[in-house]
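Student: Per my numbering, the very first residue in the sequence shown carries number 1042; after that it's consecutive.
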Amino acid sequence: MTTDTKATETKAFEADVSRLLHMMVHSVYSDKDVFLRELISNAADACEKLRFEAVSHPELLADDPKPRISISADPDSKLITVEDNGIGMSRDDMTEALGTIARSGTRAFIERVGSGNASEDTQLIGQFGVGFYSAFMVATRVDVISRLAGSNEAWRWSSDGKGSYEIAPAPLEAAPRRGTRVVLHLMDDAVSYTGSYRLEQLAKSQSGHVPVPITFIEKPGAEARDIADGTALWIRPKSEIKPEEYTDFYRSVAGQYDEPAATIHFRAEGRQEYSVLAFVPSSRPFDLFDQDRKGRIKLYVRRVFITDDADLLPRYLRFMRGLVDSADLPLNVSREMIQESPLLAAIRKGLTNRVLGDLSKLAENEAETYAKIWENFGVVLKEGLYEDHERREQLLKLARFRSTASGENWRGLADYVSAMKEGQKAIFFMAGDDRARLEASPQLEGFRARGIEVLLLTDPVDSFWTSMAPEFDGKPFKSVTQGVAELSEIPLLDDAKKPDAATPEVDGFLAFVKAALGDAVSDVKPSDRLTESAVCLVAPEHGPDRQFERLLNAAGRLDKTAKPILEINPRHERVLALAGLGDDEKAFKDDAAHLLYDEARVLDGDKPADARAFSERLARLIARGISKG
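(1) When you compare each of Tyr1357, Asp1230 and Trp1198 to Arg1216 by their alpha carbons, which one comes out closest?
(2) Compute the distance between the beta-carbons of Leu1340 and Val1365, then report whether it is under 8 Å.
(3) Applying the criterion that 16 or more other CB atoms from any shown protein chain within 10 Å of the CB defines a buried residue, is Ala1641 buried or exposed?
(4) So the alpha helix (DSSP H) Asp1548 belongs to, where does it begin and stop?
(5) Using CA atoms only, rank isn't needed, just tell me which of Val1251, Ser1367 and Arg1308 is closest to Ser1293.
(6) Measuring CB atoms only, is the stretch 1113 to 1130 touching the stretch 1275 to 1286, in the sense that at least three cross pairs come out at less than 8 Å?
(7) Apply the 10 Å Cβ neighbour rule to Gly1296 and answer buried if 16 or more other Cβ atoms are within range, or exposed otherwise.
(8) For Leu1354, is the classification buried or exposed, using 16 other Cβ atoms within 10 angstroms of its Cβ as the cut-off for buried?
(9) Would you identify the three-state DSSP class for Asp1651, choosing helix, strand or coil?
(10) Can you tell me whether Ile1663 is buried or exposed, with buried defined as 16 or more other CB within 10 angstroms of its CB?
(11) For Val1365, report the span of its beta strand (DSSP E) as first-last.
(12) Let me know the alpha helix (DSSP H) ranges lying completely inside the stretch 1255 to 1316, each 4 residues or longer, listed in chain order.
(13) Out of curiosity, what's the CA-to-CA distance linking Cys1577 and Arg1615?
(14) Would you kindly work out how many angstroms separate the C-alpha atoms of Pro1326 and Phe1360, rounded to a whole number?
(15) May I ask which residues mark the beginning and end of the alpha helix (DSSP H) holding Glu1590?
(16) Hey, quick one: how far does the beta strand (DSSP E) through Val1179 stretch, first residue to last?
(17) Helix, strand or coil for Pro1567? Go by DSSP, reduced to three states.
(18) At a cut of 8 Å, does the stretch 1223 to 1243 reach the stretch 1172 to 1185 through at least three beta carbon pairs?
(19) Could you tell me the alpha carbon to alpha carbon distance between Ala1440 and Leu1426, rounded to whole angstroms?
(20) Using beta-carbon positions only, say whether Leu1558 and Tyr1638 come within less than 8 Å of one another.
(21) Could you spell out where the alpha helix (DSSP H) holding Leu1617 opens and where it closes?
(22) Taking only the alpha-carbon atoms, compute the straight-line gap between Ala1580 and Ala1628 and give it to the nearest angstrom.
(23) Under a three-way DSSP split, which group does Thr1507 fall into?
(24) By how many angstroms is the C-alpha of Arg1092 removed from the C-alpha of Thr1051?
(25) Under the rule that 16 or more other beta-carbon atoms within 10 Å means buried, what is Phe1330, buried or exposed?
(26) Suppose you measure from the CA of Ala1660 to the CA of Ser1668; what does that come to, to the nearest Å?
(27) Just checking, does the stretch 1561 to 1578 make contact with the stretch 1604 to 1618 on the three C-beta pairs under 8 Å criterion?
(28) Taking Lys1525 as the reference, which of Phe1518, Val1495, Asp1625 and Glu1582 has the closest Cα?
(29) Tell whether a beta-carbon distance below 8 Å holds between Leu1189 and Gly1129.
(30) Does any heavy atom of the ligand SAM sit closer than 7 Å to the C-beta of Lys1648?
(31) Given 8 Å as the limit, is there contact between the stretch 1490 to 1509 and the stretch 1454 to 1465, that is, 3 or more CB pairs closer than that?
(32) Kindly indicate which residue of Ser1656, His1306 and Glu1259 has the alpha-carbon position closest to the one of Ala1273.
(33) How far does the alpha helix (DSSP H) with Leu1607 in it extend, from its first residue to its last?
(34) 8 Å is my cut-off, CB to CB: does Arg1312 come that close to chain C?
(35) Give a yes or no on whether the C-beta atoms belonging to Asp1500 and Lys1402 are separated by under 8 Å.
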């Protein structure tokens, strides 16, 4: 930092801001129109903040109580100005708001853009607190003159977007009486934005919904004319709102540029009165998997913005974007009161039920649209199966899965249950990291041979909600990698005859394997779930299944892992051959027992239990094969 006087400072931008500005200036973004929407949104936020502060400090409004935003153009001087009479900024506010980016997602945003993947670039602006900087896509210099409400000082922030900015005092006569004025000195290739028709239509289409009136002055000396009346979109009747107005509002409130996949607009009346305008995005927001899992529904009280941190939906619905406007809450409600308010609890319950109800209707009536929503947000919705016991049944009806019978389509549980085989008592699933590996698992062989559908669960959350022992339509969920497979009473597709029981020789070999492996396994059993492979591992009947145990172990949540059960296919030719060996082959049979166990571990996605011992046994097996040859 270099200081010219005590009042005027020139500072370097924060490192991340410098990188971001470089991207802006070099036209990373394909749609530069977004700059006006972002500046108007900032101005509207400033007016909303002032309305909130004025509840407890009415003197801040002075003799200018009505909020407003003004857009003016000067084609001859290549200037566009956006001005508001909102809360305004102090010197420190300018440094914090315009010299740094506070949101944690900034670096991810920059890396996304810097990677060259700009196919969705216009969706990115606004999601990471970078909206103001979009002005540098069209401007060689940006001047911000602001006066904080109730202050007798004004300040001017100025930058060319090339690494530094200047903050200096501004004469009061050259500053707004209150609020902020943003002046864009346009690039030569952006002068067309000063055209009255283009600028007015851009403001109307992108920001005509904001709850602050907007006026437009097409050139110096011209009269201002109204282009938006500041009527909040959410209080208008649905029959009067066009689809494009919903889309424009969604893009503003969500900070995205996609189309909403679904719109939920209603007014609740009765014991609590509130209006809701919420949207399901058609693409995943960048903060969907943030660790705090916070929602992004804004809270208004009688059209005054209160907070966007009111916890109005459960965390498994955090992908929703929009707002709730309450008619009953006090305007001076504090954050602490919000968290404890019974009114907010009632709104939260009503809003959650409405969102899930509308999603259910969509799933029933517009299956293709709902499938796309599930594709994007199913992994988040499934968190509710674990967290929201009260609504678990409703969420299970909404859930969609891929299965051994679904191909690339999604499968609902009602369809699964209706297709269950005679004698099938459970909804079978298999959990893991990779669908292709799951489909190749030996544990599925017996189910596939009998035409039994198995759900393939590849999201980490699946192991958690299935561990809660839920049921659907009276049918429990059961992992195919755990306990008894319960397949013996269900006939094979190609041969309804029950397979022959294991021979005494095979029974003896299984007992030998169990003795050879000792404490490495809890048991060795003949398998009715294997039809092609020789071996597989399963978890005991009680406790976590194989995948859930891995997750808990990786997270340090298990003191010790359960010993698996080794299942052996008693009809496999390799097993039959090993069972037929005599006592003189005891050493070889011991090696074979351990190799069968390691084979099962590898098929299950693990490493051999002892890499050196495995290598030595394999070498002895190869040597035996060579000598026999």
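Just so you know, even glycine gets a beta-carbon here, dropped at the ideal spot from N, CA and C.
Tutor: In brief:
(1) It is Ala, not Arg, that sits at residue 1216 in the sequence shown. The shortest C-alpha separation from Ala1216 is found at Trp1198.
(2) yes
(3) buried
(4) Pro1545 to Leu1558
(5) Closest by alpha carbon: Val1251.
(6) no
(7) Result: buried.
(8) With a 10 Å radius around the Cβ and a threshold of 16 neighbouring Cβ atoms, Leu1354 comes out buried.
(9) coil
(10) Counting of Cβ neighbours within 10 angstroms places Ile1663 among the exposed residues, the total staying below 16.
(11) Arg1362 to Ser1367
(12) 1284 to 1295
(13) 14 Å
(14) 7 Å
(15) Arg1587 to Ala1595
(16) For Val1179, no beta strand (DSSP E) segment is defined, and its DSSP state is neither H nor E.
(17) Strand at Pro1567.
(18) yes
(19) 9 Å
(20) yes
(21) Per DSSP, Leu1617 belongs to the alpha helix (DSSP H) from Glu1614 to Ala1620.
(22) 28 Å
(23) helix
(24) Roughly 33 Å between the two C-alpha positions.
(25) That one is exposed.
(26) Looking at the backbone, the Cα of Ala1660 and that of Ser1668 are separated by about 12 Å.
(27) yes
(28) A small fix is needed here, since residue 1525 is Val in this sequence, not Lys. Measuring from the Cα of Val1525, the nearest candidate turns out to be Glu1582.
(29) Yes, the pair counts as a contact, with Cβ atoms nearer than the cut-off.
(30) Of ligands this structure carries none, so the ligand SAM is not represented either.
(31) The stretch 1490 to 1509 vs the stretch 1454 to 1465: in contact.
(32) Comparing Cα positions, the closest option is His1306.
(33) Segment Ile1606 to Ile1609 is the beta strand (DSSP E) holding Leu1607; no alpha helix (DSSP H) there.
(34) You won't find chain C in this structure, because it holds only one protein chain.
(35) No, the pair does not count as a contact, with Cβ atoms beyond the cut-off.
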